[in-house]
Amino acid sequence: QTLRVEAIAAGVKPDVYDRIYAGLSPDCKQPGVYCSGGSQTSDAFASFRAKGLPESCFKVTQREFLRPGEYFPENSMRSLALRGQGLLKGWKATKPEILQAVLKIEAKYQIDHKLLLALWGRETNYGQFALTNNAVRALSSMAYAGAPARREWARKQSIAALKMVSGGYVSMEEFKSSYAGATGLTQILPAEYLERGVDGDGDGRIDIWESVPDALATTANILQNEGWQGAQKTWGQEVRLPKSGAGADCTLEGRPNRRTIREWTETEGIAKAKGSASSGGYAFDPQNPGYLVLPAGARGPAFLATDNFEVLRRYNTSDVYAVFIGLTANRIGCETEKGACAFERAWPVKSAADDFEFSVENLCRLQISLKARGFSDTTPDGLFGRATRVAIGKYQKSLQKKPDCYPTKAIYRELVEEGSVIETPRR
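Structure representation (structure tokens):
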């Protein structure tokens, strides 16, 4: 009943609320929802507790956060790039009003239209993905029986979703979403729709489900309000780390180590990667700040990112997600039917030399040991993010080894199996 009071106070019509919840029950099969007696129970993390892992590592994990190279299947990236090109050509030939609207969005928000297309392609395969959840039910389920850390967020989004139905923006029956409640062509959250929704085609309504201009304009507005800087033009580009021991190494990854582009190239030995996909046709201003992004440490592609990269991460908090969007946008501009313009450097694949088993449990244990030894000051979370990569590199340097900031079975054995360092879980 507390939710009903809050929803009505926020503007949801009482009869709409009552009609929706009269026949609504939690979706106990939904990822991140743990119903007592359901297929996922409130004791779903019992195995984590039994193994002595901290609750900060209890989570439903998307693949963005595990083995990085698996996020970039070449066939998928090439298909999205060619499909994006095809849409632009098709609009020019048969639907010039859509192309004109998209180019106006680019001009207004100072965001490359190819980047907006890439985001649309990644989120719903240009509208081809079938969204199978209902946004109100998905968010209400998380607010009622989701992980405690996510319930308040889900509650806020639930009320926003109810306001969308109550306000006539979308019917309950047509309110399709991901299991996390994101909806529309570019996967907009309900609160974002209400706060940042834009009528991109000028027809008097904001239809992010069917109207490409509305969806892309809303997404551009969200990115701009998150801090997108039109003057920087780009998200970043692929670069080469110095081969010798002099200059930048992988422990300099991350925004805290920002330098001007000139400092990276002239002092730290960073060089631009070859290939037309590396920069999307945009030249870096040498006076602009940038920072290293190394999703696979020094073993995979390296990137020099602008502050706009961090804006893409806020859309989906993952380095590989932001890289995927940026590189797909670049490839929409340079891909051809005869050949791909892909990464200069390949991603590491599992082999005898790359034998670490990426899992939340293994990463969490590794993080605990790295923190206990003073190589990290962040809370273990079971995800392969920047802090973990840098901590691994610092550990490697402490052994007088050239760092690559990438986990191996040997490192895991040294730090975890032989070290036997673990925190007592918070209960």
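Numbering-wise (the working numbering), the sequence shown opens with residue 241 and increments by one.
Note that beta-carbon positions come from the ideal geometry of N, C-alpha and C, so glycine has one too.
Given the structure is predicted, the values throughout are model-derived calculations rather than measurements.
From the options, residue whose alpha carbon lies closest to that of residue i
i	options	result
E597	R502, P647 and K291	P647
V533	G625, A471 and D595	G625
R307	D454, D594, A400 and Q640	D594
L655	I608, K641 and K642	I608
L567	N556, R554, E584 and E577	E584
G537	A586, D258, G470 and D443	A586
R539	D454, E392, T426 and I632	I632
K678	R629, D441 and A455	Summary: the structure shown does not reach residue 678, with the chain confined to residues 241 through 667, and so no result is reported for it.
G470	R613, T546, K634 and K611	T546
K649	S265, E337 and A592	A592
A378	P496, T423 and G408	T423
G494	V630, E601 and R571	V630
A401	S417, R391, R362 and G330	S417
Y349	Q472, E337 and Y531	Q472
A375	A333, V410, G614 and V252	V410
A455	C275, T426, V256 and A370	T426
A249	C604, D443, G573 and K403	K403
L623	A247, F298, T500 and L481	F298
G467	I351, P388, T505 and E577	I351
R318	P535, A542 and G579	G579
S381	G272, V452 and S296	G272
DSSP-derived helix/strand/coil call for residue i
i	result
K688	Here the chain has residues from 241 to 667 only, and residue 688 is not among them.
Q427	coil
A538	strand
K416	strand
N373	strand
G386	strand
T568	helix
R499	strand
A523	coil
A562	helix
C297	helix
P266	coil
E304	At E304 the pLDDT is 49, less than 50, meaning the model places this residue with poor confidence; the figure from the coordinates comes in the next sentence. Residue state, collapsed to three classes: helix.
E346	helix
Q607	helix
S319	helix
E575	coil
V410	coil
E657	helix
T618	coil
K253	coil
T664	At T664 the pLDDT is 35, less than 50, meaning the model places this residue with poor confidence and gives no usable figure here.
S599	coil
C581	coil
V405	helix
Q368	coil
Exposure label - residue i; buried when at least 16 CB within 10 Å
i	result
D447	buried
D621	buried
N589	A quick correction: the sequence has Val, not Asn, at residue 589. It counts as exposed.
E414	exposed
Q270	buried
G386	buried
S406	buried
T628	buried
D258	exposed
S660	Bear in mind that the predicted position of S660 carries a pLDDT of just 49, short of 50, making it unreliable; the figure below should be weighed with that in mind. Exposed, because fewer than 16 other Cβ atoms sit within 10 Å of the Cβ of S660.
A569	buried
D559	buried
A420	buried
T364	buried
E575	buried
P496	exposed
R445	exposed
V245	exposed
N315	exposed
R571	buried
R653	exposed
F549	buried
Q368	exposed
G361	buried
D267	buried
G408	exposed
Residue i - partner residues in DSSP beta bridges
i	result
Y531	A545
V479	K512 and A542
P273	A small fix is needed here, since residue 273 is Val in this sequence, not Pro. G386.
Are three or more beta carbon pairs between the region 462–476 and the region 505–513 nearer than 8 Å?
Contact between the region 462–476 and the region 505–513 is absent, with fewer than three C-beta pairs closer than 8 Å.
Could you tell me whether the region 355–368 touches the region 323–335, using the rule of 3 or more Cβ pairs below 8 Å?
Touching, yes, given that three or more Cβ pairs across the two stretches are closer than 8 Å.
Please determine if the region 558–569 and the region 472–486 are in contact, where contact requires at least 3 C-beta pairs separated by less than 8 Å.
Short answer: they touch.
Taking contact to mean 3 or more Cβ pairs, one atom from each stretch, closer than 8 Å, check whether the region 328–344 and the region 547–558 are in contact.
Result no; under three Cβ-Cβ pairs closer than 8 Å.
Across the region 417–431 and the region 389–406, are there enough close Cβ pairs to call them in contact, namely three or more that are closer than 8 Å?
Contact between the region 417–431 and the region 389–406 is present, because at least three Cβ pairs lie under 8 Å.
Kindly confirm or deny that the region 435–442 and the region 523–530 touch, where touching means at least three C-beta pairs closer than 8 Å.
They do not touch, by the three-pair rule.
Would the region 629–644 and the region 489–498 be scored as touching if the rule is three or more Cβ pairs under 8 Å?
They touch, by the three-pair rule.
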